[in-house]
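Q:
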Amino acid sequence: MKKKLAIILAGLLCAGSFASCASSSRSSENKAAENTGNRPKMVIAISELQEDFYQEAVAAYCRLHPETEVEIEVVPWIDNTPTEKTEKDSKAIKDMQVQIMAGKGPDVFLLDESNELLPDMVKNSYNGVFLDLNTVMDNLKSLPLNQVVRKAGELDGKQYFLPLGYTLTGIAATEDMLEGWKPSSSQPDEFLNEAASHMGVKGFPREPWLREYIPGLFGTPVLDYGEKSITFSRDFMDLTELLADGAEFTDENAPELPDIMNVGDYRSSTFEKLVERSFASGTDVKFLPFPNGERGTNAQVNVFAAVRANSAYASQAGEFLAFLLSDEIQGSTDGFTAIPVNNNAVVPAYQYRFTFGIEEYEKKAAKKAEELFQITQQVTTARFCQYENSLIFNAVFMTSENNTVEEKLDDLKNELRFYFDE
Numbered sequence: 000m001k002k003k004l005a006i007i008l009a010g011l012l013c014a015g016s017f018a019s020c021a022s023s024s025r026s027s028e029n030k031a032a033e034n035t036g037n038r039p040k041m042v043i044a045i046s047e048l049q050e051d052f053y054q055e056a057v058a059a060y061c062r063l064h065p066e067t068e069v070e071i072e073v074v075p076w077i078d079n080t081p082t083e084k085t086e087k088d089s090k091a092i093k094d095m096q097v098q099i100m101a102g103k104g105p106d107v108f109l110l111d112e113s114n115e116l117l118p119d120m121v122k123n124s125y126n127g128v129f130l131d132l133n134t135v136m137d138n139l140k141s142l143p144l145n146q147v148v149r150k151a152g153e154l155d156g157k158q159y160f161l162p163l164g165y166t167l168t169g170i171a172a173t174e175d176m177l178e179g180w181k182p183s184s185s186q187p188d189e190f191l192n193e194a195a196s197h198m199g200v201k202g203f204p205r206e207p208w209l210r211e212y213i214p215g216l217f218g219t220p221v222l223d224y225g226e227k228s229i230t231f232s233r234d235f236m237d238l239t240e241l242l243a244d245g246a247e248f249t250d251e252n253a254p255e256l257p258d259i260m261n262v263g264d265y266r267s268s269t270f271e272k273l274v275e276r277s278f279a280s281g282t283d284v285k286f287l288p289f290p291n292g293e294r295g296t297n298a299q300v301n302v303f304a305a306v307r308a309n310s311a312y313a314s315q316a317g318e319f320l321a322f323l324l325s326d327e328i329q330g331s332t333d334g335f336t337a338i339p340v341n342n343n344a345v346v347p348a349y350q351y352r353f354t355f356g357i358e359e360y361e362k363k364a365a366k367k368a369e370e371l372f373q374i375t376q377q378v379t380t381a382r383f384c385q386y387e388n389s390l391i392f393n394a395v396f397m398t399s400e401n402n403t404v405e406e407k408l409d410d411l412k413n414e415l416r417f418y419f420d421e
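Set out below in structure tokens:
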């Protein structure tokens with residue numbers, strides 16, 4: 000197990016392939032060094048899973064700002080299949096990480112939950128890798144953003160990374176299944192059992208999928224960087240044990256609903272398609288978000304931006320990120336796989352996603368999008384949880400030892416005891 004955890008802690012995956020507003024194949028550092036003219040050049044690293052969306056967004060920005068030259072570096076998603084490409088990509092990402100830690104590399108990072116280039120954004124923020132965006136962006140607190148989600152990237156009053164989108168995890172069911180029922184539980188494990196009991200199911204087809212997101216369901220983090228502590232609460236352990244002991248469900252011969260859904264995830268089209276089909280059938284699909292253990296709902300930041308602390312193009316980067324927060328870009332119907340952090344964009348974005356442009360159901364889609372928007376306004380906590388999610392998933396569910404969940408988490412805590420001193 001310790002060997003596995005050492006690999007997890009290394010966090011050295013992914014790599015860069017190149018595209019550009021201005022054609023060039025030189026490295027980002029060489030390009031910056033050769034930029035002796037008056038045209039500023041930003042190098043922007045983007046996640047492959049959001050590539051289509053970001054390519055169009057960057058192109059739109061370049062049209063509005065022809066004075067700014069932009070180069071895109073695509074950070075590909077890697078499935079860890081042992082291939083020559085994976086090995087090459089892994090080596091390249093290690094080199095990129097060394098550059099970043101040395102204060103070099105891309106100027107802007109536009110990443111998502113598949114990101115393992117900078118897997119622990121919170122720790123990197125404490126370590127001074129990123130710029131305080133308040134210095135290059137005006138009035139972040141007054142923009143029409145979900146301010147609870149926005150604060151997930153704020154540490155000690157400084158905005159080190161900027162949430163652009165987020166996810167909500169919950170249970171989707173038809174109104175007929177719910178019969179007006181509303182959950183009374185405040186803990187995720189109790190909520191899961193209560194929902195199953197009310198709707199007469201033993202479990203949900205995608206219930207094991209929750210294993211990948213356990214820490215993110217809670218408002219309280221496992222890793223506390225202020226106190227330099229690691230804490231697994233009893234409620235957290237209860238849910239982990241429940242999912243570790245649960246039956247393995249598959250989609251085969253399982254009813255479509257009720258089921259576990261993650262709205263705003265790159266795999267969330269399942270929920271969107273359910274809603275789309277419900278219009279034709281006359282059913283009403285409801286989404287019940289998981290409670291976060293604190294009488295509220297927790298959002299997980301899964302699409303985010305940051306600027307290198309010593310970037311020579313900080314001003315342009317701030318202007319570019321402000322552009323990405325606009326109603327037009329956040330409400331884009333093409334490729335953005337997250338709930339927009341811009342509140343003005345949630346309804347138009349999901350009205351389209353619930354119909355994929357079919358005019359016949361526009362009014363119904365608008366109503367469901369507004370319903371989802373109201374759920375987003377009930378979020379009381381938001382966190383960047385990718386690193387914690389990965390640690391727990393691998394430590395508990397990807398190890399074969401016959402240890403209990405509590406013993407596996409104790410082993411993990413021992414592996415991490417020097418983490419804050421690195």
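So the sequence shown is numbered by numbering that gives the first Met the number 0: it starts at 0 and just counts up by one.
Glycine is no exception: its CB is placed at the ideal position from the N, C-alpha and C atoms.
(1) Helix, strand or coil for Thr-173, going by three-state DSSP, please let me know.
(2) Using only the alpha-carbon positions, how far apart do Gly-156 and Thr-67 sit?
(3) Under the DSSP definition of a beta bridge, which residues are partnered with Met-41?
(4) Sort Tyr-224, Met-236 and Leu-154 by Cα distance to Pro-434 and report the nearest one.
(5) Who are the Cβ neighbours of Val-378 in its own chain at under 6 Å, not counting the five residues just before and after it?
(6) Would Phe-303 pass as a contact of Gly-152 if the rule is Cβ separation under 8 Å?
(7) For the candidate residues Pro-257, Ile-328 and Pro-290, whose alpha-carbon lies nearest to that of Asp-283?
(8) Do you know offhand how far Thr-84's Cα is from Leu-411's?
(9) Beta-carbon within less than 6 Å of Gly-215's beta-carbon, same chain only, minus the 5 sequence neighbours each way: which residues are those?
(10) What is the rounded straight-line gap between the Cα of Ala-44 and the Cα of Val-73?
(11) Mind listing, in chain order, the continuous alpha helix (DSSP H) runs of no fewer than 4 residues lying wholly within the stretch 61-145?
(12) Tell me whether the beta-carbon of Val-306 lies closer than 8 Å to the beta-carbon of Leu-132.
(13) What residues are listed by DSSP as bridge partners for Lys-157?
(14) Confirm, please, whether the CB-CB distance from Phe-231 to Leu-408 is below 8 Å.
(15) In its own chain, which residues sit with a C-beta less than 7 Å from the C-beta of Ala-101, not counting the 5 before and 5 after it?
(16) Does the separation of the CB atoms of Leu-130 and Ala-311 fall below 8 Å?
(17) Following the continuous alpha helix (DSSP H) through Leu-323, name the residue where it begins and the one where it ends.
(18) Do Asp-333 and Asp-51 have their C-beta atoms closer together than 8 Å?
(19) Measuring alpha carbon to alpha carbon, tell me which residue in Glu-359, Glu-358 and Ala-365 is nearest Ala-344.
(20) How far does the alpha helix (DSSP H) with Met-236 in it reach, from first residue to last?
(21) Starting from Asp-326, follow the alpha helix (DSSP H) in both directions and report where the run begins and ends.
(22) Counting only beta-carbon atoms, is Leu-320 nearer than 8 Å to chain C?
(23) Secondary structure at Pro-207, three-state DSSP: helix, strand or coil?
(24) Within this structure, are the beta carbons of Met-95 and Leu-116 separated by less than 8 Å?
(25) Helix, strand or coil for Asp-223, going by three-state DSSP, please let me know.
(26) Looking only at its own chain, which residues have a Cβ that is under 7 Å from the Cβ of Pro-143, when we skip the five neighbours before and after it?
(27) Measuring alpha carbon to alpha carbon, tell me which residue in Tyr-224, Lys-201, Ala-243 and Asp-223 is nearest Ile-213.
(28) Please report the distance separating the alpha-carbon of Gln-315 from that of Tyr-125.
(29) Cβ of Ala-56 within 8 Å of Cβ of Ile-328?
(30) Rounded C-beta distance between Ala-337 and Thr-168? I'm assuming under 8 Å.
(31) Give the DSSP-derived three-state secondary structure of Tyr-386 in the structure shown.
(32) Could you pull out every residue in the same chain whose Cβ sits closer than 7 Å to the Cβ of Tyr-386, ignoring the five residues on either side in sequence?
A: Taking the definition as stated:
(1) strand
(2) 30 Å
(3) Val-69
(4) This structure cannot settle anything about residue 434, because the visible part of the chain is limited to 0 through 421.
(5) Val-147, Thr-296 and Ala-298
(6) yes
(7) Pro-257
(8) Note on residue identity: the sequence assigns Lys, not Thr, to residue 84. One C-alpha to the other measures close to 30 Å.
(9) Gln-299, Cys-384 and Asn-388
(10) 6 Å
(11) 83-100 and 120-125
(12) yes
(13) Leu-154
(14) yes
(15) none
(16) no
(17) 313-323
(18) yes
(19) Ala-365
(20) 233-244
(21) 326-329
(22) No chain C appears in the structure shown, which is made up of a single protein chain.
(23) helix
(24) yes
(25) strand
(26) Asn-341, Asn-342 and Asn-343
(27) Ala-243
(28) 24 Å
(29) yes
(30) Going by Cβ atoms, the distance from Ala-337 to Thr-168 rounds to 13 Å, so no, they are not a contact pair.
(31) helix
(32) Pro-118 and Asp-119
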